[in-house]
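In what follows, a structure is listed as structure tokens, so that the remarks can point back to it.
Numbering (the working numbering), first residue to last: 732 to 1008.
Written out as structure tokens, the structure is:
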């Protein structure tokens, strides 16, 4: 089955561009020079200082998650659960008719990470209990890192304004050395406060909105992961086609994993397959 290419999230791109453009336009409408807001030294203090603080605050997996999640926010729309279910049902039919080996070519083209891993485990003909155990560990690790990028951006949202104030203070200190030349004082003060604009702007136009979108994406992906886990276990047990589709759609409607009621919340270890019809 042909895979759909990831769609660019134009809303995210437009939002990230619209805020700065409106600020520059407002500056221009009020008679100011937009180029006066472009200060390399202010950008260096605010962005460099925040980056340094984040490097100290977070471990490499969290920082890598932040980079990965930023790319996902900009370059991809949130996955559609019904598209995912369509692919799963197609795989289940192939598995029932042609056997595990026939899924090998689909492992390479599948775009959803947990489903790709599940298919590879089915192809490897691993015992159901082992598949369940491996997917459980992968699922828990994905949950652990799901909001890691959001935590980094939320921290950056706190650091940006602080370094903006620091940049303004440093600029004022430099301006104070020119008090003997009144013509330079006003310009110096205006330049100093550009760092504050950068700090507040980056926090509220970039860091906090990106963090919020990452958290929203994490909720969606957690639901999709549960669908995949249930699907893989039931595919291995022989469930395919319409019965499998109905089982997975029930999970979307309830907002929870379509697993038995005795399953522990947040765990997939107790998912049991339905009997194939």
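Even glycine gets a Cβ: it sits at the ideal position worked out from N, Cα and C.
Item                                                                                                                                        : Value
With DSSP collapsed to three states, give me the class of residue 808.                                                                      : coil
Which two residues bound the contiguous alpha helix (DSSP H) that contains residue 750?                                                     : 741-760
Report back the beta-carbon spacing between residue 879 and residue 793 to the nearest angstrom; my notes put them in contact at under 8 Å. : 4 Å
Could you check the C-alpha separation between residue 799 and residue 945 for me, to the nearest Å?                                        : 10 Å
What would DSSP say about residue 830, mapped onto helix, strand or coil?                                                                   : coil
Output the distance between the C-alpha atoms of residue 872 and residue 895, rounded to the nearest integer angstrom.                      : 36 Å
How big is the Cα-Cα spacing for residue 779 and residue 815?                                                                               : 40 Å
Distance, Cα to Cα, residue 803 vs residue 932?                                                                                             : 22 Å
For a test of the three-state rule: what should DSSP assign to residue 736, helix, strand or coil?                                          : In this prediction, residue 736 has a pLDDT of 49, which is less than 50 and means its spatial position is unreliable; nothing more can be read from the coordinates.
Return the first residue and the last residue of the alpha helix (DSSP H) that residue 788 is part of.                                      : 780-788
Would you mind stating whether residue 926 and residue 824 have Cβ atoms separated by less than 7 Å?                                        : no
What would DSSP say about residue 814, mapped onto helix, strand or coil?                                                                   : helix
With distance defined between alpha-carbon atoms, name the residue in 892, 916, 903 nearest to residue 928.                                 : 892
Going straight from the alpha carbon of residue 1010 to that of residue 846, what length do you get?                                        : Residue 1010 cannot be examined here, being either before or after the span of the chain that is shown, 732 to 1008.
Relative to the C-alpha of residue 920, which residue among 899, 911, 972 is closest?                                                       : 899
Cα separation between residue 781 and residue 854?                                                                                          : 46 Å
For residue 817 and residue 980, I'd like the C-alpha separation in whole angstroms.                                                        : 10 Å
Could you work out which residue in 821, 762, 886 is closest to residue 935 when comparing CA atoms only?                                   : 886
If residue 758 sits next to residue 751, beta carbons under 8 Å apart, how far is it from one beta carbon to the other, in whole angstroms? : Actually they are not in contact, since the Cβ atoms of residue 758 and residue 751 sit about 11 Å apart, beyond 8 Å.
Taking 7 Å as the threshold (C-beta atoms), are residue 888 and residue 923 in contact?                                                     : no
Could you have a look at residue 825 and say whether DSSP puts it in helix, strand or coil?                                                 : helix
Who are the Cβ neighbours of residue 963 in its own chain at under 6 Å, not counting the five residues just before and after it?            : 849
Do you know offhand how far residue 749's Cα is from residue 949's?                                                                         : 25 Å
For residue 863, which three-state DSSP category applies?                                                                                   : helix
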